[in-house]
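Asker:
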């Protein structure tokens, strides 16, 4: 156990040296590290929200908003299906009690209606192989001609989970566009999303960008209807009243309910300035299919206003002067430079599939983070000094070797955290402090075993060799069980618990290396150098 070949010595010392090099950038400011030569490491640890400040946002999917929009879509699909040949007569089509409801005029068409409306059940894949086992809607066609289409509980739950998954991707693209360093975006429960942006200087801007649905649509304005009459309730079928908030009071527009184009047809959006007025604008470009539709719409509607709508608010309603064949356009309005940039970010990142409601918002100042770091440093220093003092007083020279292993252990933890890009949080510091306290447990087991072997009459070298060899199984068992507990905390827990579990799990692995390998190497080199004849512990 005390023999080490040259390649093993080189490998062990190489690992320690590499860890020191990786940790080195964390001792300097980011500006200093950037000025280093390219061959030196530049990666630094990512500090969590509680250590460097930033924004904490918790959002919840607005189920009511989603169900209303989804049911309006289903209402249109129902109308289209019933109008197919042979037509099925109906009356009272509308949304009632979170469902689409109507009554057939002729009960003899009940079997045909059941067959015709069955696709609206919309089976959703539930397994790895895509087997449909959950219907989004239940379609009930009574013998009396009463028809009701409503969400199933499992179908709505599945949709909400899907919305959360899609929203996480959209929010991630939006936050990345703002240049925030290593945001954390994760699901909480079935219908909530947690957004943490450490180091963000402008949390209010993050809230504005993350929380906006950004559903961009293009509608033709119906100039044959008087907007004032429409506001009073005289809205023709297939038309809706939308407002522009650029004026006071807001200006109403009567637009076609079905959009001609949506934001899904866009491939790019950039903020810029109008050549003539130098006012901020947003330029957009359609995909090939979108450009084709845009060209067709503008060719057929020259002279008509064209409303550009963002989240049911009219941004602008320019008149189509001539066909627009290039597949690009501009959005103008009362934009500031920042609001134009934010709108371009939203359009590039895509729209949220449903509205998100802010459940909790917190802004953590960098001063509090600095205090947390300082408190963590003090805790780690006190723990290290206490442990080292105890080991030195109890085991003398071998205790000093264990103390060196503790320092190497801490360096290895920080190196692995840096390489993995894991976020270091205050609970993570607690995990490191706990590792410092337990790191010497393995050394205690080894040294106590050496004492027992020495008391049994073995020579110094034999006692040391037996101490390392016979304590190994116990050390492995103890650390494996601790590692299992840490992994369970990581996979089952969330937030602070995960931060603690990550550093503690890494600490368990590095403790195995330092106690079993690095400390043994130091003892072996000492034995080879001093050739002790007796062990004093």
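In my numbering, the protein residues as written are 8 to 544. Positions of the beta carbon are idealized from the N, C-alpha and C atoms, including for glycine.
1. How would you call residue 305, buried or exposed, if buried means at least 16 neighbouring beta carbons within 10 angstroms?
2. Tell me which residue opens and which closes the beta strand (DSSP E) that residue 254 is part of.
3. Measuring only the C-alpha atoms, how far is residue 352 from residue 340?
4. What alpha helix (DSSP H) runs, 4 residues minimum, are completely inside the stretch 151-203?
5. Determine, using beta-carbon pairs with one atom in the stretch 356-375 and one in the stretch 168-176, whether at least three such pairs fall under 8 angstroms.
6. Give the straight-line distance between the Cα atoms of residue 522 and residue 474, rounded to the nearest whole angstrom.
7. Within a Cβ cutoff of 7 angstroms, which residues of the same chain sit near residue 452, ignoring the five residues on either side of it in sequence?
8. Between 97, 93, 76, 141, which has its C-alpha nearest residue 86's C-alpha?
9. Give me the Cα-Cα distance between residue 313 and residue 420, rounded to the nearest whole angstrom.
10. Report the rounded CA-to-CA distance for residue 268 versus residue 324, giving the unit in angstroms.
11. Any idea if residue 279 is buried or exposed, counting beta-carbon neighbours within 10 angstroms, 16 or more meaning buried?
12. CB-CB under 6 angstroms to residue 387, same chain, minus the five flanking residues each way: which ones, in chain order?
13. Have a look at 282, 120, 327 and flag the residue whose alpha-carbon is nearest the alpha-carbon of residue 93.
14. Identify the continuous alpha helix (DSSP H) that holds residue 57 and give its terminal residues.
15. According to DSSP, is residue 336 part of a helix, a strand, or is it coil?
16. Express the C-alpha separation of residue 415 and residue 536 in angstroms, rounding to a whole number.
17. For a minimum of 4 consecutive residues, which ranges assigned as the alpha helix (DSSP H) are wholly contained in the stretch 10-68?
18. Could you tell me whether the Cβ atoms of residue 263 and residue 318 are closer together than 8 angstroms?
19. If I follow the unbroken beta strand (DSSP E) through residue 287, where does it start and stop?
20. Within 10 angstroms of its Cβ, does residue 241 collect 16 or more other Cβ (buried), or is it exposed?
21. Runs of 3 residues minimum, wholly inside the stretch 219-253: which ones carry the beta strand (DSSP E) assignment?
22. Return no unless some Cβ of chain B is closer than 8 angstroms to the Cβ of residue 227.
23. Excluding sequence positions up to five away, which residues of its chain have a Cβ less than 6 angstroms from the Cβ of residue 505?
24. What would DSSP say about residue 359, mapped onto helix, strand or coil?
25. Using the Cα positions of residue 344 and residue 287, report the straight-line distance between them to the nearest angstrom.
26. Report all residues from its chain with a CB closer than 6 angstroms to the CB of residue 154; omit the five preceding and five following residues, and keep chain order.
27. Can you have a look at residue 316 and say buried or exposed, based on whether 16 or more other CB atoms are within 10 angstroms of its CB?
28. Would you mind sorting residue 137 into buried or exposed? The rule is 16 or more other CB atoms within 10 Å of its CB.
29. Are the beta-carbon atoms belonging to residue 234 and residue 54 less than 8 angstroms from one another?
30. Assuming the contact rule is C-beta atoms closer than 8 angstroms, residue 302 and residue 332 should be a hit. Round their C-beta distance to whole Å, please.
31. For the pair the stretch 215-224 and the stretch 240-257, tell me if three or more CB-CB distances fall below 8 angstroms.
32. Which residue comes first and which comes last in the alpha helix (DSSP H) that contains residue 468?
33. Could you tell me whether the Cβ atoms of residue 27 and residue 418 are closer together than 8 angstroms?
34. Consult DSSP for residue 323 and reduce its assignment to one of helix, strand or coil.
35. Taking the continuous alpha helix (DSSP H) assigned at residue 6, which residues delimit it?
36. So does the stretch 442-452 actually touch the stretch 506-518, counting three or more Cβ pairs closer than 8 angstroms?
Answerer: Quick answer:
1. With 16 or more other CB atoms across the displayed protein chains lying within 10 angstroms of its CB, residue 305 is buried.
2. Looking at the DSSP string, residue 254 is not in any beta strand (DSSP E), and its letter there is neither H nor E.
3. 16 angstroms
4. 160-184
5. Touching, per the Cβ criterion.
6. The alpha-carbon separation between residue 522 and residue 474 amounts to approximately 12 angstroms.
7. 478, 481, 482
8. 97
9. Those two C-alpha atoms are separated by around 60 angstroms.
10. One alpha carbon belongs to residue 268, the other to residue 324, and they sit about 14 angstroms apart.
11. exposed
12. 440
13. Taking the Cα of residue 93 as reference, the smallest distance to any Cα among 282, 120, 327 is reached at 120.
14. In the DSSP annotation of this structure, the continuous segment of the alpha helix (DSSP H) that includes residue 57 starts and ends at 56-59.
15. strand
16. So the two alpha carbons sit approximately 22 angstroms from each other.
17. The stretch 10-68 contains these whole alpha helix (DSSP H) runs: 13-30, 37-41, 56-59.
18. No, these two residues do not count as a Cβ contact at 8 angstroms.
19. That run of the beta strand (DSSP E) goes 287-293.
20. With a 10 Å radius around the Cβ and a threshold of 16 neighbouring Cβ atoms, residue 241 comes out exposed.
21. 223-227, 246-251
22. Among the chains of the structure shown, chain B does not appear; only one protein chain is present.
23. 497
24. coil
25. 6 angstroms
26. 109, 148
27. It is buried - the Cβ of residue 316 has at least 16 other Cβ atoms within 10 Å.
28. Confidence at residue 137 is low in this model, with a pLDDT of 47, below 50, so the placement of that residue should be treated as unreliable; the coordinate-derived value is given next. It is exposed - the Cβ of residue 137 has fewer than 16 other Cβ atoms within 10 Å.
29. no
30. 5 angstroms
31. no
32. 467-499
33. yes
34. strand
35. Any property of residue 6 remains undetermined from this structure, which presents the chain solely from 8 to 544.
36. The stretch 442-452 makes contact with the stretch 506-518, as at least three CB pairs between them are under 8 angstroms.
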